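Q: Once you've had a glance at the structure underneath, I'll fire off some questions.
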């Protein structure tokens, strides 16, 4: 069996070649609407109609449009949420985390903060992943700056911005309220999340990417018993309905951040324990169904 872990040409082509030569079944894992990242979202039947420049990189727009036409050649599709399933079909396999690895009871917040060079006395609002505009990092930054006027807190982004211009914009706007940490290995995620008090993923509701994406970093936070604030977008709706994600808007974001950073221990514990169960054992909830 061959599993292609992205619905883009390099993975699908390699998988189809192995299927043809070795007679192995091909499974394609579709965890994003890949054409949502591009301007032209029409599948491409004939790549020869494109210019040589547009065909130079197999992971860019033209070949990704072509790759969508190759999905029916797979023996099975896996999709990470019901919205992708509605678009492509396939078997629903939500993101989940190994509960023996994501162990909040075995990690110390102060040690995690010291390792990341973060003040021990500050509350930390965290985002992990590639910080892009459609993920609402600028809105979260502005909300943290508002809350910072009353509480000692900071916005920590773990992940390299996609380009130098956006990184400069973040640094200019963030000042002392922002702490940027470069890309980290996946196996360090539990240790890094141990430093957080809250995770925010404020996606833009009109983004084609956000309409189909269940960010894995939301599941990471849930598994580590970190409360998650997120925009109410279709892929997250079952988690919101189950009460394991707090839905927010740009208008109430600062208030909800402040509430969670000062929430009673009993309210916080009840929420994050339920969220961890969903993230590590998704078959027990409606998320899986």
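Residue numbers (the working numbering): 330 to 618. All C-beta atoms in this analysis are idealised placements derived from N, C-alpha and C, irrespective of residue type, glycine included. Please read these numbers as outputs of a predicted model, since none were measured by experiment.
Could you check where the alpha helix (DSSP H) with residue 343 kicks off and where it finishes?
A: Here the alpha helix (DSSP H) through residue 343 covers 338 to 351.
Q: Do residue 396 and residue 337 have their CB atoms nearer than 7 Å?
A: It is a contact, given that the beta carbons lie within the stated cut-off.
Q: Checking the sheet assignment: what are the DSSP bridge partners for residue 356?
A: BP columns for residue 356 point to 332, 405.
Q: Please classify residue 455: does DSSP put it in a helix, a strand, or coil?
A: In this structure, residue 455 counts as strand in the three-state DSSP scheme.
Q: Measure the alpha-carbon distance for residue 390 versus residue 449 and round it to whole angstroms.
A: When rounded, the distance between both Cα atoms is 44 Å.
Q: Residues in its own chain within less than 6 Å of residue 531 by CB, not counting five upstream and five downstream?
A: Result list for residue 531: 465, 468, 469, 560, in chain order.
Q: In chain order, what residues of the same chain have a beta carbon less than 8 Å from the beta carbon of residue 384, not counting five sequence neighbours either side?
A: The residues are 376, 391, 392.
Q: Determine whether the beta carbon atoms of residue 522 and residue 590 lie at a separation below 7 Å.
A: For residue 522 and residue 590, no; Cβs fall outside 7 Å.
Q: May I ask you to list the residues that DSSP assigns as paired with residue 575?
A: Answer is 558.
Q: If contacts are defined as beta-carbon pairs under 8 Å, then residue 458 and residue 503 qualify, I think. What distance do you get, rounded to the angstrom?
A: Not confirmed; about 17 Å, so no contact.
Q: Output the distance between the C-alpha atoms of residue 454 and residue 585, rounded to the nearest integer angstrom.
A: In a straight line, the C-alpha of residue 454 is about 12 Å away from that of residue 585.
Q: Looking only at its own chain, which residues have a Cβ that is under 6 Å from the Cβ of residue 528, when we skip the five neighbours before and after it?
A: The residues are 455, 550, 555, 557.
Q: Identify the continuous alpha helix (DSSP H) that holds residue 499 and give its terminal residues.
A: Where residue 499 is concerned, the enclosing alpha helix (DSSP H) stretches over 493 to 503.
Q: Count the other CB atoms within 10 Å of the CB of residue 482; is the residue buried (16 or more) or exposed (fewer)?
A: Classification for residue 482: buried.
Q: What are the boundary residues of the alpha helix (DSSP H) that residue 518 is part of?
A: It spans 518 to 522 - the alpha helix (DSSP H) in which residue 518 sits, taken as one unbroken run.
Q: Near residue 463, which residues of its chain fall below 7 Å by C-beta distance, leaving aside the five closest residues on each side in sequence?
A: Closer than 7 Å at Cβ, skipping near neighbours: 532, 533, 536, 538, 539.
Q: Can you name the start and end residues of the alpha helix (DSSP H) that residue 413 belongs to?
A: Here the alpha helix (DSSP H) through residue 413 covers 411 to 417.
Q: Can you tell which of 512, 604, 400 has its C-alpha closest to the C-alpha of residue 460?
A: Looking at the Cα atoms, 512 is the closest of the given residues.
Q: Considering only DSSP beta bridges, list what residue 484 is partnered with.
A: Answer is 454, 507, bridged to residue 484.
Q: Going by Cα to Cα distance, which pick from 542, 553, 562, 596 is closest to residue 366?
A: Of the listed residues, the one whose Cα sits closest to residue 366 is 542.
Q: Let me check understanding here. Comparing Cα to Cα, which of 352, 342, 341 lies closest to residue 330?
A: Considering only alpha carbons, the answer is 352.
Q: Between which two residues does the alpha helix (DSSP H) containing residue 534 stretch?
A: Per DSSP, residue 534 belongs to no alpha helix (DSSP H) and is neither H nor E.
Q: Where does residue 546 land, buried or exposed, given buried means 16+ other C-beta within 10 angstroms?
A: Buried, by the Cβ-count rule.
Q: Can you tell me whether DSSP reads residue 420 as helix, strand or coil?
A: If DSSP states are grouped into helix, strand and coil, residue 420 belongs with the strands.
Q: Take residue 436 as the anchor and find which of 399, 518, 594, 402 has the nearest alpha-carbon.
A: The candidate whose alpha carbon is nearest that of residue 436 is 518.
Q: Tell me, to the nearest whole angstrom, how far the beta carbon of residue 485 is from that of residue 447; I am working on the premise that it is less than 8 Å.
A: Right, their Cβ atoms sit about 7 Å apart.
Q: Straight-line CA distance for residue 575 to residue 581?
A: Going by the C-alpha atoms only, they are around 11 Å apart.
Q: Taking the straight line between their C-alpha atoms, what separation do you get for residue 394 and residue 588?
A: Rounded to the nearest angstrom, the two C-alpha atoms are 44 Å apart.
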